[in-house]
Amino acid sequence: MTTRPRVKVCGITRREDAALAVALGADALGFIFWSRSPRAIAPEAARAVHERLPVLVSRVGVFVDASPAEVAATVRAAGLDVVQLHGDEPIEAFAGLEARVMRVATLASDADVDRVIAWPSHVTPLVDAIDREKRGGTGRLADWALAARVAGARPIMLAGGLVADNVGDAIARVRPWGVDVSSGVEDAPGIKSAARLEAFFTRLAAASRGES
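If you read the sequence shown in our numbering, its first letter stands for residue 1, the second for the next number, and so on.
Next comes the structure, spelled out in structure tokens:
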């Protein structure tokens, strides 16, 4: 039996999807502020989606190569608690933000593992599959073996191709602090499936209890 990882449901665009995710046990909701994403949302729309939800649910903004000023303005406009840097932004440029920071970590080598382990302690690595074009939400798996090595040294969020059928195996092999799901619980980009959300949380809970 393991402690259930925290769960972030990313690519939220609708109030009903946010409410269902939280009712099922989501600890965080992800809103994408990158215009090239099919799950993109405006800051004011994101605030309208989450404003009536419990305050303990983290509001995460996902950014790709945005400037610190743009990110700070969106944090205020959208009412965010956490910033997820999903491009090539230097971590140190965001040290003064009034939000916690997650940073995408793409792992392909031993050197990548060592680099991410050495990140500042206030930055949470989000291990995702490598995709320079779509920047997440691809349905591709991250390298779980490399992810497990980072997770053995510091808390991580595990993303990349997670679905109900593999999340139990993922947490058993990687032991992440949290998991991040997006395309694996969708009917279409930005449109969550109630059945897939429910199945994901059910299988995650069972795996955390040591059930297959």
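For each residue, glycine too, the CB sits at the ideal point set by N, CA and C. Quick caveat: nothing in here was measured; it's all calculated off a predicted structure.
Which residues bound the beta strand (DSSP E) around residue 121?
-> Element bounds for residue 121: n/a, residue is neither H nor E.
Using the C-alpha atoms, what's the distance from residue 52 back to residue 112?
-> Rounded to whole angstroms, residue 112 and residue 52 show a C-alpha spacing of 40 Å.
Sequence-distant residues of the same chain with beta carbon closer than 7 Å to residue 18, five excluded per side | Cβ within range, chain order: 12, 29, 49, 50 and 53.
Classify residue 56 as buried or exposed, calling it buried when 16 or more other Cβ atoms lie within 10 Å of its own Cβ.
-> Of the other Cβ atoms in all chains shown, fewer than 16 fall within 10 Å of the Cβ of residue 56; this residue is therefore exposed.
First and last residue of the beta strand (DSSP E) that includes residue 186?
-> It spans 186–188 - the beta strand (DSSP E) in which residue 186 sits, taken as one unbroken run.
Near residue 46, which residues of its chain fall below 7 Å by C-beta distance, leaving aside the five closest residues on each side in sequence?
-> The beta carbon of residue 46 lies closer than 7 Å to those of 31 and 78 in the same chain, with the five residues before and after it left out.
Residues near residue 150 in its chain [Cβ-Cβ closer than 8 Å; skip 5 each side] = Correct list, in chain order: 105, 107, 113, 116, 117, 125, 127 and 156.
From the DSSP output, which residues share a beta bridge with residue 80?
-> According to DSSP, residue 80 bridges with nothing at all.
Drop a sphere of 10 angstroms on the beta-carbon of residue 122, count the other beta-carbons inside from all chains shown, and report buried for 16 or more, exposed for fewer.
-> Burial is judged here by how many other beta carbons sit within 10 angstroms of a residue's own beta carbon; residue 122 has fewer than 16 and is exposed.
Is DSSP giving residue 180 helix, strand or coil here?
-> Under the three-state reduction of DSSP, residue 180 is assigned to strand.
Using 10 angstroms around the beta-carbon of residue 67, count the other beta-carbons present and answer buried if the total reaches 16, otherwise exposed.
-> The Cβ neighbour count for residue 67, taken over all protein chains shown within 10 Å, is under 16; the residue is labelled exposed.
Are residue 181 and residue 162 closer than 7 Å when you measure CB to CB?
-> Against a cut-off of 7 Å, the Cβ pair of residue 162 and residue 181 comes out as a contact.
Pick out whichever of 188, 81 and 159 has its Cα sitting closest to the Cα of residue 179.
-> Here the closest residue by C-alpha is 159.
Could you work out which residue in 87, 69, 109 and 110 is closest to residue 95 when comparing CA atoms only?
-> When only C-alpha atoms are compared, the closest one is 69.
Considering only the beta carbon of each residue, do residue 195 and residue 174 sit closer than 7 Å?
-> Not closer than 7 Å, so no.
Under the three-state reduction of DSSP, which class applies to residue 31: helix, strand or coil?
-> Strand, per DSSP.
Whole-angstrom C-beta distance between residue 81 and residue 58, which should lie under 8 Å | Yes, they are in contact, since the Cβ atoms of residue 58 and residue 81 sit about 5 Å apart, within 8 Å.
Could you give the residue range of the alpha helix (DSSP H) that holds residue 61?
-> In this chain, residue 61 is not harboured by any alpha helix (DSSP H); it is covered by the beta strand (DSSP E) spanning 58–63.
Cβ atoms of residue 74 and residue 38: under 7 Å apart, would you say?
-> Their beta carbons are not under 7 Å apart, which means residue 38 does not touch residue 74 by this criterion.
Report yes if the C-beta distance between residue 62 and residue 84 is below 7 Å; otherwise report no.
-> A contact, by the Cβ cut-off of 7 Å.
Please report the Cβ distance between residue 164 and residue 200, rounded to the nearest whole angstrom; I am assuming they are in contact, meaning their Cβ atoms lie under 8 Å.
-> The C-beta distance from residue 164 to residue 200 rounds to 5 Å, short enough to fall under 8 Å.
Indicate whether residue 23 and residue 9 have their beta-carbon atoms separated by less than 7 Å.
-> No, the pair does not count as a contact, with Cβ atoms beyond the cut-off.
State the beta-bridge partners of residue 104 as determined by DSSP.
-> BP columns for residue 104 point to 126.
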